[in-house]
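Numbered by my numbering, the letters in the sequence shown go through residues 7 to 124 in order.
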Amino acid sequence: MNIQIYGKSKCFDTKKAERFFKERGIKYQFIDLPRFGLSDGEYRNIKAAVGHYSKLIDKQCKLYDQLHLAYLAYPAQIEEKMLENPGVLLTPIVRNGKKATVGYQPEVWQSWIDEEKK
């Protein structure tokens, strides 16, 4: 199991995700999104796992409004802004190989652990 948690250090859901894996003794790698962002390859893999780029956007954050993402017409423009401004991404983004989740989803993470034990 190769867990990566992409998040913001002050985000409560990111802290809960870290606690979830710590309590179960599972090692993970934390990537600070505002500091390091996502590479194009990481972004494409995560988008493929979750289904659509819109699931990665935190529409409640101030940066979403400041960047006027709701008014951009083309998905390529929106995705470019997302990669330039990782603070607009919904966190935590938890990756396990080719699988990924966005937001706090302990049921899915537990299913990954259960699959690993089989």
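Note that CB positions come from ideal geometry on N, CA and C, so glycine has one too.
In the DSSP secondary-structure assignment, residue 102 is bridged to 9, 105. Taking every protein chain shown into account, the CB of residue 8 has fewer than 16 other CB atoms within 10 angstroms, so this residue is exposed. Contact between residue 44 and residue 108 is absent: CB atoms are separated by about 12 Å, not below the 8 Å threshold.
According to the DSSP assignment, residue 34 belongs to the beta strand (DSSP E) that extends over 34 to 38. Your pair residue 14 and residue 39 checks out as a contact, with CB atoms roughly 6 Å apart and the cut at 8 Å.
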